[in-house]
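Contents: one structure, followed by commentary.
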Amino acid sequence: MTNEAFETSLITLVHEGDIKTLKTSLLSTSDPLFYLNRTYEKPCEQKCTLLMLACLNNHKDMIKMLVKTFHPDFEVLNDIRLSVQDQNPKVYEKVTVLWAVAALNNFELVKLFVSHGAHVNHMTKTCSTPLRCACFHGNLPMTRYLIAHGADVNITKEPKDTNLILSVFRQHTELVRYLVEELHCDVNECDSDHRSPLSLAVERGSIELVKYLLSHNAQNFSSTPNHLSPIMLAAEKRSVDLVEILMSHCSLFEQIETEELLGSSYACSQYGAVDYDKFFEYLSRTIELRLKHNYPKKILDEHMHEAFEYRQECQTIEQLNELRNNSEKISIEVLLIRQRLLGKSNAKFRNLLIYQGANLINTTHYLQGIRYWMYQLEIHQTNAIHILSKQLRYYIKSFAILTHRNQLIPMQILLQILTTAMNTLKNQNTDDFDENLNNLLFIITIITQIIQNTSISDRDRRAFYQLVYTINQQQYKSQATGFSLLHLCLHEQTQSLSHSIDRICKYPCKETVRTLLTCHADPNVNDHQQNTPMHVYAFNYTIVDESVLEMLVNANAHFDYVNADNERPIDVVSSIHTRQLIEKKMKICLKCICARFIRMNHVEYDGIITKTLASFVQRH
C-alpha cells in the first residue's frame, strides 16, 4: 500500500469510528505520531489532524484511545468547519482540538484535553479562546473549569470583543453575574465600536441585564456621532420600559433629549404603529421642560435644508400645535429632531431619510421623496461615507418606476445620481465593483430614455454627455468578465434581476449604444477573452439591428479583430442573415489586410515595426 493510500485509509477509519482497526494501523508504523500530528487537506478549505476529525465526528472513545495510547500534539493548528449543514459554513482558522471541542460545547472532551496538558489560552486567528467558546454557549461549569485551570478572562476577540460583552449579547445572565461578581470584569469596558455591556443589554431588550449592570455601576456613556448612548438607544427603539429604568441615571438635559427622541419615534412607522398622540405628548412635555429650565434647542444653520423646506424645529407649544393634522410637517419635524440628536452622519438618521423618502414616493409625493434621497446622498459625499451598491440600485429602481409612469424627474437630480454612481467606481478593488458598473449603465440608460422622450435644455444635455465622456475616459471594466459599458450594453444577459429596472433597461439598447459612442466609448475594447463589443453582439443574436452595426462602423469599430480563439465577429455569428449584414458593413482597409497577412503567414515583425503597429497586427 502506498503512503497516500495508507493515509486515506486512516481518514476513512476515523470517519467510520473504527477504533480497533485505526489503533492497529497506527501501531503497524514505525512513527505513528507522524500521521497523528500532521494535517490532512479536506474539502471546503479544511486542514485537520486525525484527532481533530475524530472531535468533529464526536467519536469520544476513539479520542480517548488516541490521547491515552499515542499522546498526540494538542497544539497542532487546524482550519475547520464546525457545521456542514450551513450553506456557507465558516472556516475557523488556526484552531486547536481544545478550542474545537469547546466550540462544540463538549465539556467532557474539554476536561479530557485540559487534564492531558492542552494549552487553555490558545488563540485562533481572530483571537478567540476556549473560554470565549464557553461564554458563547453560556456554559458556566465549563467557564469555571477553564478559569480554574489558568484561562485568562481578559483575552478579547477582535475587535476588542470581551467575554462579558459576548455573554451580555447572548443574554447569559448567570454567566454575566459570575464574570462581574467573581472575576471582577469591568462593566464599562467598551469594544472597538464603542459598545458597552449596558448598550448591548439595551440593544437586546433585556430588562433584567440592564437593571443588573446599572446596579453594578454601569455608565450611560454619552452618544457619539455613530453610536447612541444606552438611554438614547432605548428611546430610538421605542423601549419605554428601558427608558424609564435608565432615566434615574441621567441628567435632566439627557432626559429631555431622550424624551424628544422617544416622542419622534412614535411618528415613524419604521419603528411600529404610528401614534401621534404619544408624539405630541412627549414633545409638549420636553418643550415645557426646556422653557422652565432654560434649555433652548441649539438650532444650527446646517440643520435648515431644502429637503425640509428650510423649516426649523418647534421651540414653543404654539408652533408644535401648528403641526397637528399635517402629516407632512410632522414628518419633517421628526427628521429635524433626529438630525439634531443623532447627527447627520448617523446611519439610523440616514436610513430614516431613505425610508421616509420611499413613503413619500409611494404616496405619489415624488419630488419631496427624491429630495430626501438626494439629501442622504449629499451627507454620504460630505462625510466620505461609502454608498452600498444595493442602496444605489434601490434609487435606480425607483427612477425606473417613475420613468415608466412618465413622471418628470429633475435632470439635476438624475445627473447627481449619475455622478454618485461614477464615484462608486473610483476604488476598483471593492467586492461590489461589478454591481456598481451595472448600476452606472442602468442610470445612463434611464437618462438616455428620458432625453429621447422629454424636452430638456441644451445645458443639461451637454452636462450629461460630459459626464458620460468622463466615465468613458476611465475605461472601467467588469472584474469578472472584462466587459466595458459598451460590452454590457450589447449583451442580452445584462440584467438587474429587478422587473422595474429591466422593463426600462432592455439590452442590447440601441439608444444607449448611441450615447456611449457619441461620448467616445472605445468600440474596439477587449474583454478578458479578447472579445470586442461586436463579438458579444454577434455571438448572442440571430438577428442584429443594422443601425447598431452602422453606429459601430461609424465609430471606427474593426470587424476583423480576433478574440483569444482567433475568431472575428463574423466567425461567431449563428445566422446567415447576420453574417450577410456584417459582411455588408465590414470596411477592410489595406492596413488591416496587411496585418492579417502577417499573422496568417507568421511573418516576423517583433522589433521591426513600432509597438503600436505590433499591437494592431496582434489583434488581427
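Under the working numbering, the letters of the sequence shown match residues 368 to 987, in that order. Here a beta-carbon is modelled for each residue, glycine too, at the ideal position from N, C-alpha and C. Only a predicted model underlies this, so the values are computations on that prediction, with no experimental measurement involved.
Taking a cut-off of 8 Å on C-beta distances, the stretch 843 to 854 touches the stretch 894 to 903, as three or more cross pairs fall below it. One alpha carbon belongs to residue 503, the other to residue 533, and they sit about 7 Å apart. Residue range 597 to 603 is occupied by the alpha helix (DSSP H) that includes residue 603. When the alpha-carbon of residue 606 is set against those of 623, 624, 585, 632, the nearest one is in 632. Distance check between residue 485 and each of 841, 468, 725, 925 places 468 closest, using alpha-carbon atoms only.
Distance from residue 666 to residue 679 at the Cβ level is roughly 5 Å; contact confirmed, criterion being Cβ atoms closer than 8 Å. Taking 8 Å as the cut-off, the Cβ atoms of residue 788 and residue 806 count as close. Put simply, the backbone Cα of residue 403 is about 58 Å away from that of residue 839. Beta bridge pairing from DSSP links residue 458 with 448.
Per DSSP, the continuous beta strand (DSSP E) segment holding residue 413 begins and ends at 413 to 415. Restricted to the stretch 458 to 505, the alpha helix (DSSP H) segments that are unbroken, complete and at least 4 residues in length are 464 to 470, 474 to 482, 497 to 504, listed in chain order.
Under the DSSP definition of a beta bridge, residue 385 lacks any partner. Residue 409 has 413 as its beta-bridge partners, per DSSP.
The stretch 775 to 783 and the stretch 723 to 732 do not touch, with fewer than three beta-carbon pairs separated by less than 8 Å. Short of 7 Å from the beta carbon of residue 711, and not among the five residues preceding or following it, lie these beta carbons of its own chain, in chain order: 746. In the structure shown, residue 524 falls within a strand segment according to DSSP collapsed to helix, strand and coil. Spanning the alpha carbons of residue 687 and residue 750 requires a straight line of approximately 32 Å. In the assembly as shown, residue 411 is an exposed residue. Its beta-carbon has fewer than 16 other beta-carbons within 10 Å.
Straight through space, the alpha carbons of residue 373 and residue 401 are spaced by roughly 13 Å. By the criterion of a C-beta distance shorter than 6 Å, residue 834 is surrounded in its chain by 785, once the five residues flanking it on both sides are discounted. By a beta-carbon distance limit of 8 Å, residue 494 contacts residue 523. Their separation comes to about 7 Å. Ranked by how close their Cα comes to the Cα of residue 506, the residues 892, 557, 565, 540 have 540 in first place.
Per DSSP, residue 663 lies in no alpha helix (DSSP H) and is assigned neither H nor E. DSSP places residue 854 in the helix class (H, G or I) of the three-state scheme. Following the DSSP letters along the chain, one finds residue 685 inside the alpha helix (DSSP H) bounded by residues 684 to 688.
Annotation: the continuous alpha helix (DSSP H) that includes residue 696 extends over 694 to 709. Taking a C-beta distance under 8 Å as the contact criterion, residue 443 and residue 416 qualify as a contact pair. In the DSSP assignment, residue 640 falls outside any alpha helix (DSSP H), carrying neither H nor E.
When rounded, the separation of the alpha-carbon atoms in residue 629 and residue 681 is 16 Å. For the pair of segments examined, the stretch 877 to 888 was found to touch the stretch 915 to 930: the number of CB pairs separated by less than 8 Å reaches three. Comparing C-alpha distances from residue 426 to each of 938, 589, 389, 931 shows the shortest one belongs to 389. By the beta-carbon neighbour count (other beta carbons within 10 angstroms, threshold 16), residue 674 is buried. When beta bridges are read from the DSSP output, residue 753 appears opposite no residue.
The C-alpha of residue 735 is placed about 34 Å away from the C-alpha of residue 875. Pairing residue 519 with residue 498, the inter-Cα distance amounts to about 8 Å.
Between the alpha carbons of residue 863 and residue 869 lies a gap of roughly 6 Å.
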